[in-house]
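**Student:** Numbering (the numbering used here), first residue to last: 16 to 493.
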Amino acid sequence: MGLGAAEVVAVFTGALSSPLLAVGGVVVDTVPAPVKDFGIAVFGTHDKTALLTGTAVLLAAYAALIGIVALRSWLWSYLGIALFVAIGVGAAVTRHDAGAGAALPSLVAGGTAVLALRLLLPLARDVEPQPDLGGSRRRFLLGAGAAAGVAIAGGFGGRLLTSRRAVTEARKAVVLPEPTTQAPTVPASAVTSNEDFYRIDTSLYPPQVDPSTWELRIHGMVRNPITITWAQLLQRPMIERYVTLACVSNEVGGDLIGNARWLGTSLKDLLDEADPLPGADQVVARSVDGWTCGSPTAVLRDGRDALLAIGMNGEPLPVPHGFPARLVVPGLYGYVSACKWVTELELTRFVDFDAYWVPRGWSALGPIKTESRIDSPRDGSKKAAGDVMVAGVAWAQHRGINKVEVQVDNGPWTVASVAAPVSVDTWVQWSYRWAATKGDHTIRVRATDAAGETQTSTPAPPAPDGATGWHSVRVSIG
Ligand SMILES: Nc1nc2c(c(=O)[nH]1)N[C@H]1C(S)=C(S)[C@@H](COP(=O)(O)O)O[C@H]1N2
Ligand SMILES: [Mo]
Numbered sequence: 016m017g018l019g020a021a022e023v024v025a026v027f028t029g030a031l032s033s034p035l036l037a038v039g040g041v042v043v044d045t046v047p048a049p050v051k052d053f054g055i056a057v058f059g060t061h062d063k064t065a066l067l068t069g070t071a072v073l074l075a076a077y078a079a080l081i082g083i084v085a086l087r088s089w090l091w092s093y094l095g096i097a098l099f100v101a102i103g104v105g106a107a108v109t110r111h112d113a114g115a116g117a118a119l120p121s122l123v124a125g126g127t128a129v130l131a132l133r134l135l136l137p138l139a140r141d142v143e144p145q146p147d148l149g150g151s152r153r154r155f156l157l158g159a160g161a162a163a164g165v166a167i168a169g170g171f172g173g174r175l176l177t178s179r180r181a182v183t184e185a186r187k188a189v190v191l192p193e194p195t196t197q198a199p200t201v202p203a204s205a206v207t208s209n210e211d212f213y214r215i216d217t218s219l220y221p222p223q224v225d226p227s228t229w230e231l232r233i234h235g236m237v238r239n240p241i242t243i244t245w246a247q248l249l250q251r252p253m254i255e256r257y258v259t260l261a262c263v264s265n266e267v268g269g270d271l272i273g274n275a276r277w278l279g280t281s282l283k284d285l286l287d288e289a290d291p292l293p294g295a296d297q298v299v300a301r302s303v304d305g306w307t308c309g310s311p312t313a314v315l316r317d318g319r320d321a322l323l324a325i326g327m328n329g330e331p332l333p334v335p336h337g338f339p340a341r342l343v344v345p346g347l348y349g350y351v352s353a354c355k356w357v358t359e360l361e362l363t364r365f366v367d368f369d370a371y372w373v374p375r376g377w378s379a380l381g382p383i384k385t386e387s388r389i390d391s392p393r394d395g396s397k398k399a400a401g402d403v404m405v406a407g408v409a410w411a412q413h414r415g416i417n418k419v420e421v422q423v424d425n426g427p428w429t430v431a432s433v434a435a436p437v438s439v440d441t442w443v444q445w446s447y448r449w450a451a452t453k454g455d456h457t458i459r460v461r462a463t464d465a466a467g468e469t470q471t472s473t474p475a476p477p478a479p480d481g482a483t484g485w486h487s488v489r490v491s492i493g
């Protein structure tokens, strides 16, 4: 009941002040890397749901324990609730940008828990001495059931109201400016829709940023600190580009990669205006929720289409993808470049500042590695003998793909046909017509980038700077 009440209060004090989300956020920020990697390996992009469900189950067990303790000692049960409140308050007030009311949901949760205990305990006491007489068990179960009902209604009602208060309306009202330079048209099959685009971030509830109050501040080691508002951003020249975004956690053959049409203004131009001081080799982008990433200043200024993006596939950025503004940098993994809900760019030096993932064991520099993937046929599938189309994607952002080769079993490497690349910053689609013969076969793929470098066969895990190895699938031909 406490948690349910807290969700209702958090409608007004901010989603992240809910004890469940605040404590969950602390867990996300502090779990040791192996535990986090295990969570992602087991639950994939459902890791957040898994974390919140697990926490709720643990807390239900804790509440039951408090109830049992209360049958023997009020003092200990109150201390148990106080501990729960202390953890909730501690987590909520120490989150980045915590508001004045951050402690309130946890405090109300504690008060509600005490109240629930006082109401239910007398009913529970009646059960003990004479379990089968006078319907005492039934009264207790009814009381407990009613409490659970109120709790669930509060919890879900609160979350529903929170989503109503979200920036959905503000997002709908945004009219994207026309691009000054347009992206070429590309086949729909080479574009990932916003719905299918992978989502990776540390936030348990996506930050709700109203464009009317949004600002981007560029400061630190610059001659000319600048701040731009949403209205000023919309006035800037906008370019439209297809850029393939990839997550460093993507396993060989994985799907934490997507290609979208981004609309945004040149990051290089913004940085030129701020005029970085010599030696400022790192641009730290900071999100409204305190998350940071660091990109090499030289990379952002080398002329590639590094964007302060506001549009994704013709729409304002979806909220989980960074509305109203985020960074998109071709050639760098997301964790070192793609800051969503961005509000600050701080020019600094790599020796002076470690962004979010660096102390957690990931490399400070994260250029995307040349990789390729087989999408069809699927691993483990069965096909009839004869012509089988083998197809997939290959990427080497900002270098470009030169060649894709396919190998069946231990046969020769054969060059696959590659669709005309959109740009060096996007993946390419490749295909190979295979004359499949009866039996079990292994198909492998490897790509060579435009610098002539062939994707390494040596398998490496995602940490610390991206997975390597050749993707293969096993197919049985009958
Ligand atoms: N604010 C914020 N931005 C973030 C992250 C984050 O945790 N918080 N994660 C980054 C990572 S690791 C990746 S791979 C990309 C993913 O972007 P997407 O969710 O739009 O696909 O966002 C990046 N930007
Ligand atoms: Mo990532």
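Positions of the beta carbon are idealized from the N, C-alpha and C atoms, including for glycine.
Just so we're clear, the structure is a prediction, and the values are computed from it rather than from any experiment.
(1) Less than 7 Å separating the Cβ of L260 from some heavy atom of ligand 1?
(2) Determine the contact status of I215 and S281, defining contact as a CB-CB distance below 8 Å.
(3) Tell me which same chain residues have a C-beta within less than 7 Å of the C-beta of D455, skipping the five on either side of it?
(4) Pull up the DSSP beta-bridge partners for Q444, would you.
(5) Could you give the distance in angstroms between the alpha-carbon of V334 and the alpha-carbon of V357?
(6) Going by DSSP, which residues form a beta bridge with I416?
(7) Between V343 and V267, is the Cβ-Cβ spacing less than 8 Å?
(8) Could you spell out the range, first to last residue, of the alpha helix (DSSP H) harbouring I81?
(9) Is S264 near ligand 2, in the sense that its beta carbon is under 7 Å from a heavy atom of that ligand?
(10) Does the beta-carbon of G7 have 16 or more other beta-carbons within 10 angstroms, so that it is buried, or is it exposed?
(11) Could you tell me which residues DSSP puts in a beta bridge with W277?
(12) When you measure from the CB of I215 to every non-hydrogen atom of ligand 2, does any distance come out below 7 Å?
(13) Would you mind sorting K384 into buried or exposed? The rule is 16 or more other CB atoms within 10 Å of its CB.
(14) I need the straight-line Cα distance from A168 to A181, nearest angstrom please.
(15) Closer than 7 Å to a non-hydrogen atom of ligand 1 - does that hold for the CB of Y350?
(16) Just how far apart, CA to CA, sit G481 and M16?
(17) Going by CA-CA distance only, name the one from S33, A261, H413 that's closest to D317.
(18) Taking three-plus beta-carbon pairs below 8 Å as touching, is the stretch 54-72 in contact with the stretch 95-108?
(19) Shortest alpha-carbon distance to V189 belongs to which of N417, P331, V443?
(20) When you compare only the Cα positions, how much space is there between L86 and L136?
(21) Name the one or two DSSP bridge partners that Q247 has.
(22) From the DSSP output, in three-state form, read off K398 for me.
(23) Mind the definition here: the stretch 155-162 touches the stretch 188-202 only if three or more C-beta pairs lie below 8 Å; say whether that holds.
(24) In terms of residue numbering, what span does the beta strand (DSSP E) encompassing W428 cover?
(25) Helix, strand or coil, according to DSSP, for D390 in the structure here?
(26) Reducing DSSP to helix, strand and coil, say where P335 ends up.
(27) Touch check for the stretch 289-301 and the stretch 457-471: three-plus C-beta pairs under 8 Å?
(28) Is D112 helix, strand or coil by DSSP?
(29) By Cβ distance, which residues of its chain are closer than 8 Å to Y140, with the 5 residues on each side in sequence left out?
(30) By DSSP, does D296 sit in helix, in strand, or in coil?
(31) For A25, I'd like the list of residues in its chain whose CB is within less than 7 Å of its CB, leaving aside the five on either flank, ordered along the chain.
(32) Report the partner residues of D455 according to the DSSP bridge assignment.
(33) To which residues does DSSP link Q422 through a beta bridge?
(34) Starting from P311, trace the beta strand (DSSP E) both ways and give me its first and last residue.
(35) Give every residue of the same chain whose Cβ lies closer than 6 Å to the Cβ of A300, excluding the five residues on either side of it in the sequence, and list them in chain order.
(36) From P252 to A37, what does the alpha carbon distance come to, in whole angstroms?
**Tutor:** Looking at the atomic coordinates:
(1) The answer is yes for L260.
(2) Cβ distance not < 8 Å, so I215 and S281 don't count as in contact.
(3) Excluding positions up to five away in sequence, the list reads R489, S491.
(4) For Q444, which the question treats as bridged, DSSP gives the partners V408.
(5) The C-alpha of V334 lies about 12 Å from the C-alpha of V357.
(6) In DSSP, I416 forms a bridge with D464.
(7) Going by beta carbons, V343 and V267 fall outside the 8 Å limit.
(8) That run of the alpha helix (DSSP H) goes 62-85.
(9) Ligand 2 has a heavy atom closer than 7 Å to the beta-carbon of S264.
(10) Outside the displayed span of the chain (16 to 493) sits residue 7, for which this structure offers no information.
(11) Within the DSSP bridge table, the entry for W277 names R256, M327 as partners.
(12) Yes - ligand 2 has a heavy atom lying nearer than 7 Å to the Cβ of I215.
(13) Taking all protein chains in view, the Cβ of K384 is crowded by 16 or more other Cβ atoms within 10 Å, so the residue is classified as buried.
(14) Roughly 20 Å separates the two Cα atoms.
(15) Taking non-hydrogen atoms of ligand 1 into account, the C-beta of Y350 is found less than 7 Å away from one of them.
(16) Roughly 44 Å separates the two Cα atoms.
(17) Comparing Cα-Cα distances from D317 to each of S33, A261, H413, the minimum goes to H413.
(18) These segments do not touch.
(19) Each of N417, P331, V443 was checked against the Cα of V189, and the nearest Cα belongs to P331.
(20) Taking the straight line from one Cα to the other gives about 7 Å.
(21) The partner list for Q247 (beta bridge, DSSP) is empty, contrary to what the question assumes.
(22) Reduced to three states, the DSSP call for K398 is strand.
(23) The stretch 155-162, when compared against the stretch 188-202, does not touch it at the 8 Å Cβ threshold.
(24) Per DSSP, W428 belongs to the beta strand (DSSP E) from 428-430.
(25) Strand, per DSSP.
(26) Secondary structure of P335 (DSSP, three-state): helix.
(27) With a cut-off of 8 Å, the stretch 457-471 and the stretch 289-301 do not count as touching, because too few Cβ pairs lie within range.
(28) Correct three-state label for D112: coil.
(29) Note that residue 140 corresponds to Arg in the displayed sequence, not to Tyr. Hits under 8 Å: L86.
(30) When secondary structure is reduced to three states using DSSP, D296 falls in the coil class, being assigned neither helix nor strand.
(31) Once the five neighbours on either side are set aside, the close Cβ partners of A25 are S32, S33, P120, G173, T177.
(32) DSSP, once it has assigned bridges, lists S491 as partnering D455.
(33) According to DSSP, Q422 shares a beta bridge with W428, R459.
(34) In the DSSP assignment, P311 falls within the unbroken beta strand (DSSP E) covering 307-311.
(35) Cβ neighbours of A300 beyond the five flanking positions: C308, L342, C354, V357, L360.
(36) Distance between the alpha carbons of P252 and A37 is about 39 Å.
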